[in-house]
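Under the working numbering, the letters of the sequence shown match residues 2 to 302, in that order.
Beta carbons: idealized from backbone N, C-alpha and C, even for Gly.
Everything on this sheet refers to the single structure shown next.
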Amino acid sequence: MPLSSFSSSNVSNLHSSLSTFNLSLTFSIHTCLKSPENVFLLMGFSVASFLLLPLYILVLCVGHQRWRKQRSAVAPVTTSHSDFLTYNMIAMEMISMVGNCFCCYGTFSGVHSVMVAGLYMSSIASPGQNLLHVLTCVERYLAVVHPIIYLGLKQSDGIKIRNIVTLCVWIACFVCMHLTEEMVSDFSTASAACFLVFSFSTVAFCSISVICVLNRPRPGDGSGERERVDHLKQRAVNTIMVILAALLFRFVGNLSCIVLYSLAELQEVKCQLLISSLWFSLPSSLVLPLLYLHRAKKLPG
């Protein structure tokens, strides 16, 4: 076969595949957002998530101030693992926020390419948010249950591992973006369900393990010291319980929507389930930013 014929055939097939993908993806989005109820659901979520923008900006401003202080310090100070994961989570949240706005704008303007761009951005952020929540819980688990290992991970080798793992999370997000065309297939729903079960199981195991360690009685130096330690431990337990509840709401809510989605037969019901699942992520979007501000002593109490 001549080279020119082979190349033109490949280009033609590639163009045909891309065109088919774009048309099916655009049609799927257009079908879901054709209903006023679905549009209002997406708009409501976009407005609610946009209200969190001042919180994200405050975290970034505080982080920038701390970074400047670290640069001017005599002894080198590295960013903690929890702070580093918080910055990445905020980046994910802002990408998702912009993606939702693109979807809304594309719906009202009738520009399907803008809707597709918004869907791509949302598909980047969603798995990344779950993975970063898992990594944060694992980091907390190591700090409380295995403090010696955690202290070793605060050195340069641990920072390299943290950066590599976070890079893998971002790579996985972009891989999920390229798999967006499978979002309505049975394989995709089964994979998403397994991923959510894995995420919640890891979060639940780490959180419950931390609570058990914190509730374990330990000898104190005196009654006053014991009361102070018990008060701090109780506050930590309450904080972890709130975090676990927010993540439970996120993972179980999304998993329920996926199960109902796979059982639903009407396309309208499937669209409403897909958009409704976004709302379950709102409480967990507050977790890491508020914890960050609490550690930075920017919150009362």
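> Is it true that the CB of S123 sits closer than 8 Å to the CB of N89?
Replying inline: Position 88 of the sequence shown, counting from 1, holds the residue named residue 89. Position 122 of the sequence shown, counting from 1, holds the residue named residue 123. No, Cβ-Cβ distance for N89 and S123 is not below 8 Å.
> Are the segment 63-72 and the segment 135-153 in contact at 8 Å, needing three or more beta carbon pairs?
Replying inline: no
>> Using a 10 Å radius around the Cβ and a threshold of 16 neighbouring Cβ atoms, would you call N239 buried or exposed?
In response: Looking up residue 239 in the sequence shown gives position 238. That one is exposed.
> Should the segment 151-161 be called in touch with the segment 120-138, which here means at least 3 C-beta pairs below 8 Å?
Replying inline: A contact between stretches requires three or more CB pairs, one per stretch, nearer than 8 Å, and the segment 151-161 fails this requirement with the segment 120-138.
> With 16 other CB atoms within 10 Å as the buried threshold, where does K298 fall?
Replying inline: On the sequence shown, residue 298 is found 297 positions in, with the first residue counted as 1. Exposed is the call here.
> Can at least three beta-carbon pairs, one atom from the segment 250-259 and one from the segment 269-286, be found at a separation below 8 Å?
Replying inline: yes
> Excluding sequence positions up to five away, which residues of its chain have a Cβ less than 6 Å from the Cβ of L56?
Replying inline: Within the sequence shown, the letter at position 55 stands for residue 56. Counting only Cβ-Cβ distances below 6 Å, and skipping sequence neighbours, we find P290.
> Applying the criterion that 16 or more other CB atoms from any shown protein chain within 10 Å of the CB defines a buried residue, is V60 buried or exposed?
Replying inline: Walking along the sequence shown from the start, residue 60 turns up at place 59. Counting Cβ neighbours within 10 Å, V60 comes out buried, since at least 16 surround it.
> If you drop the 5 nearest sequence neighbours on each side, which residues of the same chain put their C-beta closer than 7 Å to that of A118?
Replying inline: In the sequence shown, the residue the question calls residue 118 occupies position 117. Correct list, in chain order: F103.
>> Just to confirm before moving on: does the CB-CB distance between V288 and A247 stay below 8 Å?
In response: Within the sequence shown, residue 288 is the residue found at index 287, counting from 1. Within the sequence shown, residue 247 is the residue found at index 246, counting from 1. With a cutoff of 8 Å on beta-carbon distance, V288 and A247 are scored as near each other.
> Between the C-alpha atoms of V139 and G45, what's the straight-line distance to the nearest angstrom?
Replying inline: Looking up residue 139 in the sequence shown gives position 138. Looking up residue 45 in the sequence shown gives position 44. Cα-Cα distance, rounded: 33 Å.
> Apart from the five residues just before and just after Y293, which ones in its own chain have a Cβ nearer than 6 Å to its Cβ?
Replying inline: The residue given as residue 293 occupies position 292 in the sequence shown. The beta carbon of Y293 sits closer than 6 Å to those of V60, T87, all from its chain and outside the five residues before and after it, given in chain order.
> Got a sec? Which residues, its chain only, sit under 8 Å from V170 by beta carbon, not counting five neighbours each side?
Replying inline: Here residue 170 is taken as the residue at index 169 of the sequence shown, counted from 1. Once the five neighbours on either side are set aside, the close Cβ partners of V170 are N89, G129, L132, L133, L136.
>> Is the separation between the beta-carbon of L267 and that of S208 shorter than 8 Å?
In response: Taking the first residue of the sequence shown as 1, we reach residue 267 at position 266. Taking the first residue of the sequence shown as 1, we reach residue 208 at position 207. No, the pair does not count as a contact, with Cβ atoms beyond the cut-off.
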